[in-house]
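Asker: Numbering (our numbering), first residue to last: 4 to 386.
(1) Go ahead and pull the three-state DSSP assignment for residue 18.
(2) Straight-line CA distance for residue 145 to residue 176?
(3) Which term fits residue 269, buried or exposed, when burial requires 16 or more other beta carbons within 10 angstroms of its beta carbon?
(4) So that I know if they touch, is there some Cβ in chain B lying closer than 7 Å to that of residue 116?
(5) Can you list the alpha helix (DSSP H) stretches of 4 or more residues lying completely in the stretch 111 to 182, in chain order?
(6) Measure the alpha-carbon distance for residue 133 versus residue 120 and round it to whole angstroms.
(7) Is residue 318 near residue 91, with beta carbons less than 7 Å apart?
(8) So for residue 78, helix, strand or coil by DSSP?
(9) I need the DSSP call for residue 278, collapsed to helix, strand or coil.
(10) Where do the N-terminal and C-terminal ends of the alpha helix (DSSP H) with residue 316 fall, by residue?
(11) Just reading off the alpha helix (DSSP H) that residue 65 is part of, what are its end residues?
(12) For residue 142, count neighbouring C-beta atoms within 10 Å of its own C-beta (all shown protein chains included) and say buried if the count is 16 or more, exposed if not.
(13) Which residues in the same chain as residue 273 place their Cβ atom closer than 6 Å to its Cβ, once the five residues preceding and following it in sequence are excluded?
(14) Return the first residue and the last residue of the alpha helix (DSSP H) that residue 265 is part of.
(15) Using a Cβ-Cβ cutoff of less than 6 Å, which residues in the same chain neighbour residue 266 once the five nearest sequence positions on both sides are dropped?
(16) May I ask which residues mark the beginning and end of the alpha helix (DSSP H) holding residue 294?
(17) In chain order, what residues of the same chain have a beta carbon less than 7 Å from the beta carbon of residue 25, not counting five sequence neighbours either side?
(18) By how many angstroms is the C-alpha of residue 127 removed from the C-alpha of residue 242?
(19) Suppose you measure from the CA of residue 288 to the CA of residue 327; what does that come to, to the nearest Å?
(20) I'd like to check one pair, residue 106 with residue 391: are the Cβ atoms closer than 7 Å?
(21) For residue 74, is the classification buried or exposed, using 16 other Cβ atoms within 10 angstroms of its Cβ as the cut-off for buried?
(22) Buried or exposed, going by whether 16 or more other CB atoms sit within 10 Å of the CB of residue 5?
(23) Just tell me which of 165, 47, 64 and 53 has its CA closest to the CA of residue 97.
(24) Return the chain-ordered list of same chain residues with a C-beta closer than 6 Å to the C-beta of residue 37, the five sequence neighbours on each side being excluded.
(25) For the alpha helix (DSSP H) that residue 29 lies in, which residues bound it at each end?
(26) What does a CB cutoff of less than 6 Å around residue 103 pick up in its chain, not counting 5 residues either side in sequence?
(27) Look at the Cβ atom of residue 2, then the Cβ atom of residue 301, and state whether they are nearer than 7 Å.
(28) Return the CA-CA distance between residue 271 and residue 285, expressed in angstroms with no decimal places.
(29) Would you say the stretch 295 to 312 touches the stretch 249 to 266, given that touching needs at least three Cβ pairs under 8 Å?
(30) For residue 242, does the three-state DSSP call read helix, strand or coil?
(31) Would you kindly report the start and end of the unbroken alpha helix (DSSP H) that includes residue 252?
(32) Residue 293 and residue 158: beta carbons closer than 7 Å?
(33) Would you mind sorting residue 199 into buried or exposed? The rule is 16 or more other CB atoms within 10 Å of its CB.
(34) Can you tell me whether residue 199 is helix, strand or coil according to DSSP?
(35) By alpha-carbon positions, which one of 234, 178 and 35 ends up nearest to residue 207?
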């Protein structure tokens, strides 16, 4: 229930009157909420991946030396720390059901507002463009809705899927539509490689045509995004330009529209090490089909948009990534073991459980719990 409440709060946190009314409140909710709902136990992630986080955080901190605007850079570093904590919290989860139900309920508020904004009823003072609900703009709303839709359609949770579909349709987000297509293809891909390849080509063709079919604004923004990408690739340096450099170099854009490219641009070539996270996520066997499809959609948005710079989608991306590369939660309980020793903790992970033994007293038997029925049933003694 705590995760459900946090998910709802992240999706609805909004403070009218603030300069960043849709961003700052959500970052604050995540920063306060994550320690309240999670033990933030690095053992659930594993020391190698913790070392990867330390590596990236060190590079990010060192990049501030050459940052053109250190205040902006420090703020970005704080947001990165919040996402790292969320990543560790995700590693301690066994599934995303609770948090996704909360996010879906919170998204319903923005979906209702988006419909009203589409017809001119706007109780929340916002700028022009696609209806944003309670978010920064319509594109941000649609991209978060796309991630939630993929999970809900595959799980399935049809009510949440219907709620998430509303902003995707109203805002006509190409990135959101692409993320949905890739996520659903990953979940329900055919066994034939030829058919899978044909579908991928079809998605690419439809996406390309959508640039022209959705109006002059979409065509212009697509061309502008390509120009930005090419310019930022030329600006790459081994040690990075420093956190916050992008907003100084591109004050109108503010983002590179590719979190993957922006990480390497600002932090340096060492940020490429983060690519090990999706490799481990897809290579491993953690998570159910809906969660893995959700992560596939996240990867699409990380490459062609900036979900990690937006608190709600960044929160969800960090959680699902942590879950897929982590080991699950810590549980213990039961009865005395044969050695007269106490097991004080056990790792929940598909296929095994292990504990930390204490001396003296009555022992307790460790159990590993699998929440996804597809990986096995029930509770298994760790014997």
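All C-beta atoms, glycine included, are put in the ideal place defined by N, C-alpha and C.
Treat the numbers as computed from the prediction; the structure is a model and nothing was measured.
Answerer: In this structure, then:
(1) Looking at residue 18 - three-state DSSP - the assignment turns out to be coil, as it is neither helix nor strand.
(2) Counting only the Cα atoms, residue 176 lies some 6 Å from residue 145.
(3) With 16 or more Cβ atoms within 10 Å of its Cβ, residue 269 is classed as buried.
(4) In the displayed structure, chain B is absent; only one protein chain is listed.
(5) Runs of the alpha helix (DSSP H) inside the stretch 111 to 182: 141 to 157 and 161 to 174.
(6) The alpha-carbon atoms of residue 133 and residue 120 are separated by roughly 9 Å.
(7) It is not a contact, given that the beta carbons lie outside the stated cut-off.
(8) Helix, per DSSP.
(9) In the structure shown, the three-state DSSP call for residue 278 is helix.
(10) Here the alpha helix (DSSP H) through residue 316 covers 314 to 328.
(11) First-last of the alpha helix (DSSP H) with residue 65: 50 to 66.
(12) Burial call: buried.
(13) 62.
(14) Segment 262 to 270, the alpha helix (DSSP H) holding residue 265.
(15) Answer for residue 266: 274, listed in chain order.
(16) Residues 292 to 307.
(17) 17, 137, 138 and 139.
(18) Near 42 Å, if we compare the C-alpha coordinates of residue 127 and residue 242.
(19) If you take the alpha carbons of residue 288 and residue 327, they lie about 8 Å apart.
(20) For residue 391 there is no data in the structure shown, the boundaries of the chain being 4 and 386.
(21) Flag for residue 74 reads exposed.
(22) Around the C-beta of residue 5, fewer than 16 other C-beta atoms lie within 10 Å, and the residue is accordingly described as exposed.
(23) Of 165, 47, 64 and 53, the residue nearest in Cα terms is 47.
(24) Shown here for residue 37: same chain residues with a beta carbon closer than 6 Å to its own, the five before and five after excluded, namely 88, 89 and 92 in chain order.
(25) Per DSSP, the unbroken alpha helix (DSSP H) holding residue 29 starts and ends at 27 to 40.
(26) Result list for residue 103: 154, in chain order.
(27) This structure cannot speak to residue 2, because the chain is shown only from 4 to 386.
(28) Roughly 25 Å separates the two Cα atoms.
(29) Contact between the stretch 295 to 312 and the stretch 249 to 266 is established, with three or more Cβ pairs separated by less than 8 Å.
(30) DSSP places residue 242 in coil when its eight states are reduced to three.
(31) Residues 248 to 252.
(32) Inclusion of residue 293 and residue 158 in the CB contact set at 7 Å is warranted, their separation being smaller than that value.
(33) Counting Cβ neighbours within 10 Å, residue 199 comes out exposed, since fewer than 16 surround it.
(34) Assignment of residue 199 by DSSP, reduced to helix, strand and coil, places it in the helix class.
(35) Ranked by Cα distance from residue 207, the options 234, 178 and 35 are led by 178.
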